[in-house]
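Take a look at the structure set out below.
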Amino acid sequence: MPSITSEKITSWLERFAELVAQNKDYLTKLDSAIGDADHGANMDRGFQAVLAKKNDLAGKDIATVLKTTAMTLLSTVGGASGPLYATFFLQAAQAAGPKTEISPEEFGTLLEKALAGVIQRGKAALGDKTMVDALQPATESYQAALKAGKPFPEALEIAAHSAEAGMNGTVPLLAKKGRASYLGERSIGHQDPGATSVNFLFQAARETLA
Ligand code: ADP
Ligand code: MG
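Numbered per our numbering, the sequence shown spans residues 284 to 493.
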C-alpha cells in the first residue's frame, strides 16, 4: 500500500508553487480577459509566502502542513481565490488529521472534503465557470479510479486528465459566479483562471505524490 507522507505533501505544494510562478503571466492574462488581471499575482504571492515557511513545515504532520498553507494564503491573498484556496487547504487539513502519512483512500477523502468546503464557501456549482469545474471532476474521477481498483499513480493520472478537461471545458461556459459573472455573455469563449490554477494543482499532484 503506497503511502503519502508529509514530505510528499510538501513536495506537492512546492511543485504547485513552481508551476504557478512559471505560469504567473499566463494566469494573469486569462484573468485580464474576464476578471481584473490579478489571479497570477494573487496565487504567486500566496505560494511564495507558503514556500517561505518551508523550514517550519519540515517534520510536521500533514494537518499542520496543510493548515499552515491555508493560513498563509488567507493572510497574503486577497480576492476570491485566496479564501477559496484557503478553505480548500483548511478542509484538507481537517480531513488528513495529525498524521505523518495517509493512504490513497484517505487522500481521496481529503480531496472530497476540500471540494465540499470550496463549494460551501463559494456557492458555485459545476458549470458556473469557476475552479469547481476542474476540482470536482478531478476529485470524482480520482475516487472512481480507486474504487475501480486502479493503482494510485494511475488514479492521480486520471485526476490530472480530468482537471485539464474540466479547465478546457470552462471556455464555452457563461460565468455565473465571481467577477467574470459581471460580464454575462461576454464571459463566453474564455478559459477560467481559477480552473486553470486548479489544473496546475493536479498536474503537481500527479508529478509528486505517487
Ligand atoms: P478575484 O476574482 O477576486 O480577482 P482571483 O482573480 O484571484 O480573484 O480568482 C478568480 C477565480 O476565482 C475565478 O477564475 C474562479 O475560478 C474563482 N472563483 C471566483 N468566485 C468563485 C466562487 N464563488 N466559487 C468558486 N470559485 C470562484
Ligand atoms: Mg482576479
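Ideal placement from N, C-alpha and C gives every residue a C-beta, glycine not left out. Predicted, not measured: the structure shown is a model, and the values here were computed from it.
Quick one: what does DSSP say residue i is sitting in, helix, strand or coil?
i: residue 288; result: strand
i: residue 385; result: strand
i: residue 415; result: helix
i: residue 320; result: coil
i: residue 449; result: helix
i: residue 444; result: helix
i: residue 458; result: coil
i: residue 434; result: coil
i: residue 474; result: coil
i: residue 306; result: coil
i: residue 396; result: helix
i: residue 312; result: helix
i: residue 493; result: coil
Run the proximity test for residue i: is its beta-carbon closer than 8 angstroms to any non-hydrogen atom belonging to ligand 2?
i: residue 369; result: no
i: residue 462; result: yes
If I measure Cβ to Cβ from residue i and keep anything under 6 angstroms in the same chain, skipping five residues before and after, which residues do I get?
i: residue 414; result: 477, 478, 481
i: residue 292; result: 345, 348
i: residue 368; result: 356
i: residue 373; result: 353
For ligand 1, any of its heavy atoms closer than 8 angstroms to the Cβ of residue i?
i: residue 308; result: no
i: residue 413; result: yes
For residue i, which residues from the same chain have a beta carbon less than 7 angstroms from its beta carbon, with the 5 sequence-adjacent residues on both sides left out?
i: residue 296; result: 333, 352
i: residue 485; result: 421, 442, 443, 446
i: residue 319; result: 462
i: residue 370; result: 400, 401, 404
**OP:** Please go through the segment 330–391 and give each complete beta strand (DSSP E) segment of 3 or more residues, from N-terminal end onward.
**Re:** Correct list: empty.
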